Amino acid sequence: MPERSVLSALSDALAGGSVQVVDLTARLSAETPIIQLPPEFGQTARFELEEISRYDDRGPAWYWNNFRSGEHTGTHFDAPNHWVTGRDGDDVASVPVEHLIRPAVVLDFSAECADDADFLLEVDHIKAWEKEHGSLPDGGWMLYRTGWDARSDSQERFINANETGPHTPGMSIECARWVAEESPVIGVGVETVGTDAGAAHSFEPPFPCHSYLMGSGKYGLTQLQNLASLPPTGALLVVGPLPIVTGSGAPARTVALVER
Ligand code: MN
Numbered sequence: 027m028p029e030r031s032v033l034s035a036l037s038d039a040l041a042g043g044s045v046q047v048v049d050l051t052a053r054l055s056a057e058t059p060i061i062q063l064p065p066e067f068g069q070t071a072r073f074e075l076e077e078i079s080r081y082d083d084r085g086p087a088w089y090w091n092n093f094r095s096g097e098h099t100g101t102h103f104d105a106p107n108h109w110v111t112g113r114d115g116d117d118v119a120s121v122p123v124e125h126l127i128r129p130a131v132v133l134d135f136s137a138e139c140a141d142d143a144d145f146l147l148e149v150d151h152i153k154a155w156e157k158e159h160g161s162l163p164d165g166g167w168m169l170y171r172t173g174w175d176a177r178s179d180s181q182e183r184f185i186n187a188n189e190t191g192p193h194t195p196g197m198s199i200e201c202a203r204w205v206a207e208e209s210p211v212i213g214v215g216v217e218t219v220g221t222d223a224g225a226a227h228s229f230e231p232p233f234p235c236h237s238y239l240m241g242s243g244k245y246g247l248t249q250l251q252n253l254a255s256l257p258p259t260g261a262l263l264v265v266g267p268l269p270i271v272t273g274s275g276a277p278a279r280t281v282a283l284v285e286r
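Numbering of the sequence shown is given in my numbering, commencing with residue 27 and proceeding in unit increments.
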């Protein structure tokens with residue numbers, strides 16, 4: 027008997043249900059929440075469909091659409107060139123495909139974020155998590171659960187802004203620097219509209235997650251859903267950003283393989 031290959035074992039596990047596929051992707055529509063920057067800056071577009079034909083005079087046997095979307099609309103991937111600190115880094119089409127299938131761990135701070143919409147993850151939180159679950163994965167993703175996916179059907183609740191600006195959880199400046207420059211992960215995934223906290227426009231540097239991650243050639247992954255269905259360790263993340271040539275990011279169908 028020849029030894030069974032790793033891929034045929036995986037295929038059998040998927041067919042048999044001992045490995046399950048969890049969809050972490052927000053559905054794309056005109057209602058998908060988008061980030062809103064202060065009015066002096068350019069704004070990203072909502073997702074829009076434009077019908078070309080639907081079994082009618084414009085195309086009797088076929089239905090299809092054009093679409094318009096921001097690169098950073100819905101569940102999406104931030105490439106290094108998204109930020110000025112990474113301007114000479116990879117565009118989204120140049121990200122090595124080997125980087126798109128990587129292990130992921132989930133740090134669950136949804137209870138803290140339920141009490142404090144401005145909750146900031148600190149290095150000490152990550153170190154305490156590592157004591158319990160082991161080191162962050164080398165070349166893998168750190169997924170930061172905040173419970174924010176429960177708000178993703180409402181632009182208003184998702185952005186959670188008042189007169190002082192948006193209030194959504196994120197990371198402290200030092201934590202962002204540490205994850206980017208000292209931790210072994212390839213990127214950070216979040217449930218919020220961006221990797222940075224809602225209040226991070228006022229941090230120094232502004233938007234430290236973007237500044238440090240992109241400056242270190244690392245990636246962001248945002249507006250993830252269903253992180254509650256993943257174990258703290260052991261998931262394998264498959265991320266599929268559109269390979270937009272020169273693009274700064276792209277909507278990304280993202281799924282996790284999980285052993286049951
Ligand atoms: Mn982005």
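Positions of the beta carbon are idealized from the N, C-alpha and C atoms, including for glycine.
Remember, it's a predicted structure, so these values are computed and weren't measured experimentally.
Extent of the continuous alpha helix (DSSP H) to which residue i belongs
i: F184; result: Q181 to I185
i: S34; result: V32 to G42
i: D150; result: V149 to H159
Which of helix, strand or coil DSSP assigns to residue i
i: S237; result: helix
i: H102; result: strand
i: V48; result: strand
i: S55; result: coil
i: W90; result: strand
i: S79; result: strand
i: A282; result: strand
i: D142; result: coil
i: D116; result: coil
i: V216; result: strand
i: G85; result: strand
i: E74; result: strand
i: V302; result: The chain is shown from 27 up to 286; residue 302 falls before or after that span and cannot be answered.
i: G96; result: coil
i: T221; result: coil
Exposure label - residue i; buried when at least 16 CB within 10 Å
i: E124; result: exposed
i: P163; result: buried
i: A140; result: exposed
i: G68; result: exposed
i: T172; result: buried
i: S242; result: buried
i: V271; result: exposed
i: G165; result: exposed
i: W90; result: exposed
Extent of the continuous beta strand (DSSP E) to which residue i belongs
i: V131; result: I127 to D134
Quick one: complete alpha helix (DSSP H) runs, 4+ long, within the segment 161-212? Those alpha helix (DSSP H) runs which fall completely within the segment 161-212 and span 4+ residues are 181-185 and 199-207.
What ranges does the alpha helix (DSSP H) occupy inside the segment 226-279, keeping only unbroken runs of at least 4 residues that lie completely in it? The qualifying runs are 234-241.
So if I measure from each beta-carbon to every heavy atom of the ligand MN and keep distances below 7 Å, which residues remain? Counting only heavy atoms of the ligand MN, the residues whose C-beta sits closer than 7 Å to one of them are, along the chain, H98, H102, D104, H108, G220, G246, T248 and G275.
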